[in-house]
Amino acid sequence: MGTRIWTVLGFLFLGTACGQKGNPITPATGPITESVYANGLVKAEGQYQVFPTVSGTVLALLVKEGDTVRAGQPLLRIDDRTSSLSTSSAEAQLRLLEQNVREEGPVLTRLRAAVDQARDRLNLDSTNFKRQEALWAQGIGSRNELDQRQLAYTTSKAAYAMATKALTENREQLRTQLEVARNTAAISAVGDADRAPGSLIDGIVYDLMIEPGELATPQRPVAVIGSASDLYLELEVDEFDIRLIKPGLQVFVSLDSYGDQAFEAQVSRIIPLMNERSRTFKVEARFTKRPPQLYPNLTVEASIVLRTKENALLVPASYIVDGTYVLTGTDEKTLVKLGARDMEKVEVLDGITANTTLYKP
Numbered sequence: 001m002g003t004r005i006w007t008v009l010g011f012l013f014l015g016t017a018c019g020q021k022g023n024p025i026t027p028a029t030g031p032i033t034e035s036v037y038a039n040g041l042v043k044a045e046g047q048y049q050v051f052p053t054v055s056g057t058v059l060a061l062l063v064k065e066g067d068t069v070r071a072g073q074p075l076l077r078i079d080d081r082t083s084s085l086s087t088s089s090a091e092a093q094l095r096l097l098e099q100n101v102r103e104e105g106p107v108l109t110r111l112r113a114a115v116d117q118a119r120d121r122l123n124l125d126s127t128n129f130k131r132q133e134a135l136w137a138q139g140i141g142s143r144n145e146l147d148q149r150q151l152a153y154t155t156s157k158a159a160y161a162m163a164t165k166a167l168t169e170n171r172e173q174l175r176t177q178l179e180v181a182r183n184t185a186a187i188s189a190v191g192d193a194d195r196a197p198g199s200l201i202d203g204i205v206y207d208l209m210i211e212p213g214e215l216a217t218p219q220r221p222v223a224v225i226g227s228a229s230d231l232y233l234e235l236e237v238d239e240f241d242i243r244l245i246k247p248g249l250q251v252f253v254s255l256d257s258y259g260d261q262a263f264e265a266q267v268s269r270i271i272p273l274m275n276e277r278s279r280t281f282k283v284e285a286r287f288t289k290r291p292p293q294l295y296p297n298l299t300v301e302a303s304i305v306l307r308t309k310e311n312a313l314l315v316p317a318s319y320i321v322d323g324t325y326v327l328t329g330t331d332e333k334t335l336v337k338l339g340a341r342d343m344e345k346v347e348v349l350d351g352i353t354a355n356t357t358l359y360k361p
């Protein structure tokens, strides 16, 4: 059930203060402020828990609680030997391929030399074959010599074609392998960054939840990060009252750490999804008058002001009979129309006046 607060200022019920049965009083008039009660916590803007994406032993903490950090700044170092070896292997493979893909690299240099050698051999065998053909046309030489020259030429031509093809294919293959190696190295570099989880925002380290030598896992948070200066209220409002809450409403806030001091805030946002377990909605509010020192997770109690009404006709809640009547005589019930109420006082909209004598049932 929703909890609503009605604060009544500047009035005094007339009649017997103790309100014993049969003792008459008359209603009082005064201002009344309608509020919705909520409790909650102080939160830092962007506050989140840091979860590592790899498992491993924590080698070192690179920051401490209270440190200001920049986005991307590493927070701790995790020892993940398998990933480290994988990164080293990927980097070595990348360096090798970057060397081999160059035209002056050892692989392509050797293949170009084979092409040059095959070309020279083809030129020589082509010249010898043409010379032998010319001699054969003049009736000089044997058929066997001509066939041998032709075979040598054909073989050299095929060898040259194969050497040229090998150079082209290896050049393209090396380029493809280099692209794959770069991607692999980039993925490994991300894994390397995962071994040093960093802050996602510019902020402050509110908590470190692990120590060197302990095992970090993706299921366990290791730190809490949030804004260093932008803090707000996260309030829980009952489902019965959420329909009354709107952005811009004034909020009066009390914190245990500041005793009886009250601070002011304003509703800034309503999270539209209800928590099914607590049957509450989250409502965010921003301080307009804030404490000099604030920390995340401080508990707060808040009154969200819905409206203030002047000159309300008020009677004690204990004088209401059966929810809609008051006793205007020792045994006489009068039907009344009620307005705002809490556990102590009720606003009467119709049925009696300020001069009506009431009796406690």
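To convert, note that position 95 of the sequence shown is 95 in the numbering used here; the numbers rise steadily by one, no gaps.
The C-beta atom is built at its ideal place from N, Cα and C for all residues, glycine as well.
Quick caveat: nothing in here was measured; it's all calculated off a predicted structure.
Item	Value
Within the 8 Å Cβ cut-off, does Arg77 reach chain B?	Among the chains of the structure shown, chain B does not appear; only one protein chain is present.
Would you grab the beta carbon distance between Ser365 and Asp125 for me? Rounded to a whole angstrom, and I think it's under 8 Å.	With the chain covering only 1 through 361, there is no way to say anything about residue 365.
Compute the Euclidean distance between the alpha carbons of Ala302 and Gly72, then round it to the nearest angstrom.	36 Å
Under 8 Å, with one C-beta from each stretch per pair, do the region 302 to 314 and the region 248 to 257 reach the 3-pair mark?	yes
Between the C-alpha atoms of Asp194 and Tyr160, what's the straight-line distance to the nearest angstrom?	51 Å
Taking the DSSP output, what are the residues bridged to Val107?	Paired residue(s): none; Val107 is not in a bridge.
Helix, strand or coil for Leu122? Go by DSSP, reduced to three states.	helix
Looking at C-alpha atoms only, which residue of Val69, Phe281, Leu75 and Asn23 is the closest neighbour of Ala60?	Leu75
Can you grab the Cα-Cα spacing for the pair Asn281 / Leu273, in whole Å?	For the record, residue 281 in the displayed sequence is Phe; it is not Asn. Rounded to the nearest angstrom, the two C-alpha atoms are 7 Å apart.
With burial defined as no fewer than 16 other Cβ atoms inside 10 Å of the residue's Cβ, what is the status of Asp241: buried or exposed?	buried
Compare the beta carbon distance of Tyr206 and Ala317 with 8 Å and say whether it is the shorter of the two.	no
Gly40: buried (16+ other C-beta within 10 angstroms of its C-beta) or exposed?	buried
Can you have a look at Ala354 and say buried or exposed, based on whether 16 or more other CB atoms are within 10 angstroms of its CB?	exposed
The beta strand (DSSP E) that contains Ser303, what's its start and end?	Thr299 to Pro316
Which of the three DSSP states, helix, strand or coil, is assigned to Leu200?	coil
Does the ligand MN have even one heavy atom less than 7 Å from the beta-carbon of Gly226?	With respect to the ligand MN, the structure shown offers nothing to examine, as it has no ligands at all.
Given Arg112, which residues of its chain have a CB within under 7 Å of its CB, disregarding the five upstream and five downstream residues?	Leu167
What does the alpha-carbon distance come out to for the pair Gly105 and Ser88?	22 Å
Tell me where the beta strand (DSSP E) around Thr29 begins and ends.	Ala28 to Ala44
Output yes or no for whether 8 Å exceeds the beta carbon distance between Leu208 and Val42.	no
Beta strand (DSSP E) containing Thr280: first to last residue?	Thr280 to Lys289
Can you have a look at Lys360 and say buried or exposed, based on whether 16 or more other CB atoms are within 10 angstroms of its CB?	buried
Please return the same chain residues whose Cβ sits closer than 6 Å to the Cβ of Ala163, not counting the five positions on each side in sequence.	Ala114, Val115 and Ala118
When the Cα atoms are used, what is the spatial distance from Asp363 to Thr57?	The structure shown does not extend to residue 363, since the chain is modelled only from 1 through 361, so no value can be given for it.
Can you tell me where the beta strand (DSSP E) holding Leu233 begins and where it ends?	Leu231 to Asp238
Are the beta-carbon atoms belonging to Val348 and Lys333 less than 8 Å from one another?	no
Note down the Cα distance separating Ile36 from Val283, rounded to an integer number of angstroms.	The residue asked about is misnamed: residue 36 is Val in this sequence, not Ile. Going by the C-alpha atoms only, they are around 12 Å apart.
Could you round the C-beta distance between Ile245 and Gly226 to whole angstroms and report it? I think they count as a contact, below 8 Å.	Contact doesn't hold; Cβ gap of about 25 Å is too wide.
Have a look at Leu94 and Ala181 and give me their C-alpha separation to the nearest angstrom.	5 Å
When we look at the beta-carbon of Pro296 and count the other beta-carbons within 10 Å, is it buried (16 or more) or exposed?	buried
Just curious, the beta strand (DSSP E) that Glu332 is in, first and last residue?	Glu332 to Leu335
Look at the alpha carbon of Phe51 and the alpha carbon of Glu211, and state the distance between them as a whole number of angstroms.	14 Å
Check whether the Cβ atoms of Leu314 and Thr29 lie closer than 8 Å to each other.	yes
Pull up the DSSP beta-bridge partners for Leu215, would you.	Thr57
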